[in-house]
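Only one structure is covered here, and it is reproduced in the block below.
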Amino acid sequence: MFVFAPKTLSPSPFLYNPIQISSLHSSNSKLKLDASLKFEYQSERGLEFETGESFFRHESATGRDLGVLAAALYRRCKGKLRVLDGLCGCGVRSLRYLVEAEADFVWANDANDECRDVICRNLSKVARGSENEPRWTVTHTDANRVMTECYLQRDFFDLIDIDSFGSDSTFLRSAINALRFDGLLYVTSTDGYSSGGHRPHHSLAAYGAYIRPLPYSNEIGLRMLIGGAVREASVLGYRVDPLFSYYSYHGPVFRVMLRVKRGKLPDNRHYSFISHCHQCGNSQTFSWDELGQIGCSCGNTKSIIVSGPLWTGLLHDASYLTDMLNLAKEWGWAGGGTETALEKLLKQMVDESDPRLPFGFIKLDEVASRAKVNSPPLRIMMNAIQKEGYAVSRSHISFNAIKTNCPMTVCIRIAKELQQCEPAEIFN
Ligand SMILES: C[S@@+](CC[C@H](N)C(=O)[O-])C[C@H]1O[C@@H](n2cnc3c(N)ncnc32)[C@H](O)[C@@H]1O
Ligand SMILES: [Zn+2]
């Protein structure tokens with residue numbers, strides 16, 4: 049194995065994140081102070097680790113759970129798992145990939161070499177292995193350099209985790225290059241301004257997508273990120289399939305686990321444009337061939353905005369998610385007496401994977417405001433939509449919203465009818 053010269057990036061506000069007092073009391077964390085050594089210990093899924101001065105967020109634990117579950121399934125299926133944790137912070141992910149996913153090897157890299165002692169102490173809970181066959185290694189250089197050098201050395205990984213900031217898409221190509229065929233790429237965006245359509249030229253530069261403000265912008269954040277990966281992969285002759293796409297409001301954080309395969313996306317299906325009509329609330333997809341025909345059934349073309357190209361296919365692979373849920377049950381992370389947050393999330397993601405459901409979601413408050421009625425209760429609205437033969441699910445992204453193939457005009461009509469019903473009629 050070759051050795052990189054340590055290199056520290058210039059000081060950045062992101063490199064240091066003192067632990068917030070409030071987060072010390074969050075339910076998924078325990079903090080212990082070793083008075084003699086002055087180390088702060090955190091705990092996640094029973095694993096103890098230090099965070100030191102590194103960037104660490106308890107709220108990202110669910111993203112780590114999902115990554116570990118996907119990695120463990122991959123390990124079971126392929127019999128081998130080599131992980132590159134490119135921006136590892138204190139190394140908690142690397143530790144979890146080693147212990148929980150039983151990775152054969154983890155390369156923990158973070159540009160900030162001040163994290164070194166903390167990372168090494170955290171990983172030393174796992175035996176280092178022999179010099180010829182180490183279980184883990186720690187470096188401090190730019191992740192792009194690590195991945196490019198690995199690619200040049202033909203040293204490929206089964207899973208690459210890129211836990212980056214903002215809309216840093218520069219990692220996509222070097223990560224795809226350093227990935228084994230059929231390998232998993234876990235990518236990140238935390239750029240809520242771009243997904244919200246507030247800087248379309250920036251999203252165009254980063255992900256090749258001109259994003260305008262849409263009512264389901266947090267789903268757009270995931271689709272913009274997948275679309276960016278689709279574009280980078282296709283340059284190299286590969287395609288990507290999302291295994292799961294996860295939005296978390298803190299940050300916000302958009303995380304997508306992609307499987308990278310040989311071959312191009314068939315006829316650019318699912319990589320297209322989204323139109324939204326502010327007049328009637330209707331959204332549609334338009335393929336590249338249909339770009340000259342963009343319109344809306346309400347006839348008001350002036351109210352239409354268009355975003356894209358981005359990913360318009362399914363956000364998740366239902367069967368992979370079901371396997372992840374079963375594994376979570378096996379590990380006691382789900383399936384007990386009370387439904388855990390992770391279990392609820394995975395079930396919602398499975399529901400969202402119904403192939404009849406289009407992109408986006410409809411907020412019930414918007415339906416109510418267009419219908420000029422009170423916001424209908426979510427479950428009742430979902431039942432009514434289903435009774436009319438449409439597909440519907442909740443969205444893990446937005447609390448009071450539904451994913452459905454039921455057009456906005458029909459949702460409005462249903463909401464008005466529900467308002468007129470007696471409570472007894474609604475519940476029958
Ligand atoms: C979001 S934090 C990582 C958190 C960690 N993955 C976790 O789960 O706790 C991002 C990390 O990226 C590091 N970083 C920033 N730019 C980098 C680069 N170009 N290459 C490698 N690491 C970088 C920062 O030092 C920071 O620790
Ligand atoms: Zn319209």
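Using our numbering, read the sequence shown as starting at 49 and increasing by one per residue. Note that CB positions come from ideal geometry on N, CA and C, so glycine has one too. For clarity, every value in this text was computed on a predicted model and none was experimentally measured.
Have a look at residue i and residue j and give me their C-alpha separation to the nearest angstrom.
i: Gly214; j: Asn192; result: 16 Å
i: Met372; j: Cys346; result: 42 Å
i: Pro248; j: Gly177; result: 48 Å
i: Leu146; j: Lys420; result: 54 Å
i: Thr360; j: Ser331; result: 12 Å
i: Cys325; j: Met430; result: 23 Å
i: Thr196; j: Asp190; result: 10 Å
i: His106; j: Arg93; result: 12 Å
i: Ala109; j: Ala416; result: 35 Å
i: Leu339; j: Asp209; result: 35 Å
i: Leu81; j: Asn170; result: Confidence at Leu81 is low in this model, with a pLDDT of 49, below 50, so its placement is unreliable and the value that follows should be read with caution. Going by the C-alpha atoms only, they are around 15 Å apart.
i: Ala119; j: Glu387; result: 23 Å
i: Ala366; j: Val398; result: 5 Å
i: Arg317; j: Cys163; result: 43 Å
i: Gly139; j: Glu88; result: 14 Å
i: Lys126; j: Gly311; result: 21 Å
i: Met456; j: Ala463; result: 10 Å
i: Pro263; j: Asp203; result: 43 Å
i: Tyr438; j: Gln467; result: 20 Å
i: Ile460; j: Cys454; result: 10 Å
i: Ala156; j: Ala432; result: 50 Å
i: Arg152; j: Pro425; result: With the sequence shown as reference, residue 152 is identified as Asp, and Arg is not the correct amino acid for it. Those two C-alpha atoms are separated by around 49 Å.
i: Gly240; j: Glu179; result: 43 Å
i: Val154; j: Cys469; result: 59 Å
i: Phe219; j: Ala382; result: 33 Å
Identify which residue in the options has its Cα closest to the Cα of residue i.
i: Val131; options: Arg93, Leu143, Phe205 and Cys125; result: Phe205
i: Asp161; options: Gly100, Asn180 and Glu148; result: Gly100
i: Lys173; options: Glu98, Asp158 and Ser265; result: Glu98
i: Gln434; options: Arg404, Gly380 and Cys136; result: Arg404
i: Phe291; options: Ile428, Glu414, Leu171 and Ser401; result: For the record, residue 291 in the displayed sequence is Leu; it is not Phe. Nearest option by C-alpha distance: Ser401.
i: Asn102; options: Gly127, Arg124, Thr196 and Gly137; result: According to the sequence as given, residue 102 is Ser; it is not Asn. That would be Gly137, whose Cα lies nearest to the Cα of Ser102.
i: Lys128; options: Ile460, Arg183, Ser91 and Ala439; result: Arg183
i: Asp158; options: Leu375, Arg112 and Asp211; result: Asp211
i: Cys261; options: Cys454, Ile322 and Leu95; result: Position check: residue 261 holds Pro in this sequence, whereas Cys was assumed. Among Cys454, Ile322 and Leu95, the Cα nearest to that of Pro261 belongs to Ile322.
i: Glu465; options: Ile167, Ser423 and Pro314; result: Ser423
i: Ser313; options: Gln201, Val440, Val283 and Leu220; result: The question names Ser, but residue 313 in the sequence shown is Leu. Among Gln201, Val440, Val283 and Leu220, the Cα nearest to that of Leu313 is on Val283.
i: Gln201; options: Cys168, Val458, Ser222 and Ala253; result: Ser222
i: Asn266; options: Lys377, Leu390, Tyr294 and Ala432; result: Tyr294
i: Ser335; options: Asn348, Tyr319 and Asn374; result: Tyr319
i: Asp337; options: Thr349, Asp315 and Asn348; result: Asp315
i: Pro357; options: Arg279, Lys377, Arg307 and Pro406; result: Arg279
i: Leu306; options: Leu270, Thr370 and Arg123; result: Leu270
i: Gly380; options: Asp113, Ser91 and Pro300; result: Asp113
i: Val458; options: Arg418, Arg141 and Phe104; result: Arg418
i: His444; options: Leu390, Thr370 and His188; result: Leu390
Is DSSP giving residue i helix, strand or coil here?
i: Ala463; result: helix
i: Pro290; result: strand
i: Ser345; result: coil
i: Leu273; result: helix
i: Arg141; result: helix
i: Cys469; result: coil
i: Gly256; result: coil
i: Glu98; result: strand
i: Lys435; result: helix
i: Asn157; result: strand
i: Gln396; result: helix
i: Asp368; result: Note that residue 368 is Tyr in the sequence shown, not Asp. The answer is helix: DSSP assigns Tyr368 an H, G or I state.
i: Ile352; result: strand
i: Thr388; result: coil
i: Met456; result: helix
i: Ala120; result: helix
Tell me which same chain residues have a C-beta within less than 7 Å of the C-beta of residue i, skipping the five on either side of it?
i: Leu273; result: Val235, Ser237, Tyr255, Phe302 and Val304
i: Ile259; result: Ser242, Ser243, Gly245, Pro248, Ser251, Ile268, Met272 and Ser355
i: Leu95; result: Leu143, Arg144 and Val147
i: Val116; result: Arg144, Tyr145, Glu148 and Ala149
i: Leu375; result: Leu117, Ala120 and Leu121
i: Ile224; result: Leu233, Glu280, Ala281, Leu284, Tyr286 and Val308
i: Thr349; result: Gly343
Is any beta-carbon of chain D found at less than 8 Å from that of residue i?
i: Glu400; result: The question asks about chain D, but that chain is absent: this structure has only one protein chain.
In chain order, what residues of the same chain lie with their CB nearer than 6 Å to the CB of residue i, ignoring the 5 residues before and after it?
i: Cys198; result: Ala226
i: His298; result: Glu107
i: Arg442; result: Gln396
i: Ser351; result: Cys325, His326 and Gln327
What does a CB cutoff of less than 8 Å around residue i pick up in its chain, not counting 5 residues either side in sequence?
i: Lys309; result: Phe229, Asp230, Tyr286, Arg287, Val288 and Asp289
i: Cys344; result: Ser323, Cys325, Gln327, Cys328, Asn330, Gln332, Ser351 and Ile352
I want to know whether the segment 407-415 touches the segment 448-455 - three or more CB-CB distances under 8 Å.
yes
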